[in-house]
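The structure appears below as structure tokens.
Residue numbers (the numbering used here): 1099 to 1321.
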């Protein structure tokens, strides 16, 4: 089905069955469409639209379950792959699942959905700290530790530094322009030179050794 040698992949599609006793939905969550969106329905639309493959992202309303998506990947391995849902609010369970996550046939990654009750489990601050660790295996280990132990952002940053994280130097804060002007005026009066004051340094130019000696004498005379 590839056109001009290029395969078309849809990076996200939801699949779900009708609500039933063995497929209950999370209270308060509803699907995007009133009727089920099944494997067969998606396949027909893919063929109609010329889409070769689809990454299935299980929706949130059935809860953290991936069985129907994995069924699609098992039945049609050349058409479907799965970004599975991980129960991050169940820390020990999530930490146990991660090491062998991609051993599930058709599973290619993790989809995390942060509902209000989960926001404190893994935040943007956690993600920045984890991604600052250079080694892939160390990043994975730290991510599992954060989920399993419920580390705070500060604790995660400390753990990331122990794992070799590269920290960026802080930007210098701008000094008060009025204060910088006072410093420049005072130094020019003392030295007779054209002084430059920036946010992080004071520059006093001199032409040669004689001028430098005169500058030093001017400064020493103020002591």
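Glycine included, each C-beta is placed from N, C-alpha and C at the ideal position.
What's the C-alpha gap between residue i and residue j?
i: residue 1142; j: residue 1245; result: 39 Å
i: residue 1286; j: residue 1316; result: 11 Å
i: residue 1311; j: residue 1223; result: 52 Å
i: residue 1154; j: residue 1262; result: 35 Å
i: residue 1171; j: residue 1137; result: 10 Å
i: residue 1139; j: residue 1146; result: 11 Å
i: residue 1148; j: residue 1109; result: 14 Å
i: residue 1231; j: residue 1225; result: 10 Å
i: residue 1274; j: residue 1304; result: 26 Å
i: residue 1197; j: residue 1164; result: 17 Å
i: residue 1260; j: residue 1247; result: 17 Å
i: residue 1114; j: residue 1190; result: 27 Å
i: residue 1118; j: residue 1166; result: 14 Å
i: residue 1236; j: residue 1309; result: 56 Å
i: residue 1104; j: residue 1250; result: 45 Å
i: residue 1264; j: residue 1186; result: 27 Å
i: residue 1200; j: residue 1276; result: 60 Å
i: residue 1121; j: residue 1193; result: 25 Å
Does residue i come out as helix, strand or coil in the three-state DSSP assignment?
i: residue 1316; result: helix
i: residue 1108; result: strand
i: residue 1209; result: strand
i: residue 1133; result: coil
i: residue 1301; result: strand
i: residue 1244; result: helix
i: residue 1128; result: coil
i: residue 1162; result: coil
i: residue 1223; result: helix
i: residue 1186; result: coil
i: residue 1261; result: coil
i: residue 1308; result: helix
i: residue 1233; result: coil
i: residue 1249; result: coil
i: residue 1202; result: coil
i: residue 1340; result: Only positions 1099 to 1321 of the chain appear in the structure, and residue 1340 is not among them; the question remains open.
i: residue 1175; result: coil
i: residue 1352; result: In the structure as shown, the chain begins at 1099 and stops at 1321. Residue 1352 is therefore absent and cannot be evaluated.
I'd like to confirm the pairing. Which residues does DSSP put opposite residue i in its beta bridges?
i: residue 1118; result: 1121
i: residue 1154; result: 1111, 1180
i: residue 1294; result: 1301
Would residue i pass as a contact of residue j if the rule is Cβ separation under 8 Å?
i: residue 1297; j: residue 1280; result: no
i: residue 1168; j: residue 1184; result: no
i: residue 1313; j: residue 1284; result: no
i: residue 1134; j: residue 1159; result: no
i: residue 1243; j: residue 1258; result: no
i: residue 1156; j: residue 1126; result: no
i: residue 1295; j: residue 1278; result: yes
i: residue 1208; j: residue 1180; result: no
So residue i and residue j are supposed to be a Cβ contact under 8 Å. How far apart are they, rounded?
i: residue 1204; j: residue 1178; result: 7 Å
i: residue 1228; j: residue 1240; result: 5 Å
i: residue 1289; j: residue 1302; result: 6 Å
i: residue 1107; j: residue 1173; result: With 8 Å as the limit, residue 1107 and residue 1173 do not qualify as a contact, their Cβ atoms being about 18 Å apart.
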